[in-house]
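> Just so we're aligned, residue 1 is where the sequence shown starts under the numbering used here, counting upward by one. Glycine residues also receive a C-beta, built at the ideal position from the N, C-alpha and C atoms.
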Amino acid sequence: MDVLTEKQRKLNMRRIGPKNTKPEMLVRRALHARGFRYRLHDKKLPGKPDLVFPRYRCVIFVNGCFWHNHNCSLFKWPKTNRQFWMDKLEGNRLRDQRKKEELIESGWRVLVIWECAIKGVNRLSVDDALERATTFIRSGSGYREIGEKMP
Ligand SMILES: [Zn+2]
Numbered sequence: 001m002d003v004l005t006e007k008q009r010k011l012n013m014r015r016i017g018p019k020n021t022k023p024e025m026l027v028r029r030a031l032h033a034r035g036f037r038y039r040l041h042d043k044k045l046p047g048k049p050d051l052v053f054p055r056y057r058c059v060i061f062v063n064g065c066f067w068h069n070h071n072c073s074l075f076k077w078p079k080t081n082r083q084f085w086m087d088k089l090e091g092n093r094l095r096d097q098r099k100k101e102e103l104i105e106s107g108w109r110v111l112v113i114w115e116c117a118i119k120g121v122n123r124l125s126v127d128d129a130l131e132r133a134t135t136f137i138r139s140g141s142g143y144r145e146i147g148e149k150m151p
């Protein structure tokens, strides 16, 4: 059983863009299978976190490495419009930073799971990635990122 209503499901299927990307779906399914229950894309919270675990006062962002300007093996600058992309992605990075701080200031714990932890040559095994995620969810830590394996 998924947690989406029929209406949400239709909206999600129509939606094009960075939401409901494959890594996010994988994380959602895997955590759900491990018994975690969450809300999706809560608009009331800063940055509209992908998953919200009210019981654990924890949110998860599953971030695409390009759009969120991750310094990793999946990130590549586009060949054209270099200045545009630099401004755009730097703006995204600063906004992420601001939203993270707002969440932490209001008592939320924030976990970022990078796309490169789930896909690409340096990805973790799904078990490893999920083990790290569930450890964070149950912990009292304020902030953590899960990314690709370091070479
Ligand atoms: Zn990455």
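Round the Cβ separation of Ile104 and Gly142 to the nearest angstrom and send it over; I've been treating them as touching at under 8 Å.
Confirmed, about 6 Å.
> Distance check for Gly140 and Asn12, CA to CA, integer angstroms please.
At Asn12, the pLDDT of 49 sits below 50, so the modelled position is not reliable and the matter cannot be decided from this model.
> As a quick exercise: from Pro78, Ala117, Asn69 and Phe75, pick the residue whose alpha carbon is nearest that of Arg95.
Comparing Cα positions, the closest option is Asn69.
> Please list, in chain order, all residues of the same chain as Leu26 whose beta carbon is under 8 Å from its beta carbon, the five residues on each side excluded.
Counting only Cβ-Cβ distances below 8 Å, and skipping sequence neighbours, we find Ile118 and Val126.
> Can you say whether Asp87 is buried or exposed, counting buried as having 16 or more other CB atoms within 10 angstroms of its CB?
Result: exposed.
> Considering only heavy atoms of ligand 1, does any lie closer than 7 Å to the CB of Trp77?
No, Cβ of Trp77 sits at least 7 Å from all heavy atoms of ligand 1.
> Are there any heavy atoms of ligand 1 lying less than 7 Å away from the beta-carbon of Leu124, as far as the coordinates show?
Checking every heavy atom of ligand 1 against the Cβ of Leu124, none is found closer than 7 Å.
> Grab the span of the alpha helix (DSSP H) containing Trp85 for me, first residue to last.
Arg82 to Glu105 is the span of the alpha helix (DSSP H), which, as asked, contains Trp85.
> Please work out which residues of its chain come closer than 6 Å, Cβ to Cβ, to Val112, disregarding the five sequence neighbours upstream and downstream, and give them in chain order.
If we look at Val112 and ignore the five residues flanking it on each side, its Cβ neighbours are Phe61, Asn63 and Glu145.
> Applying the 10 Å Cβ sphere with the 16-neighbour rule, what's the burial state of Ala129?
Answer is buried; the Cβ neighbour count reaches 16.
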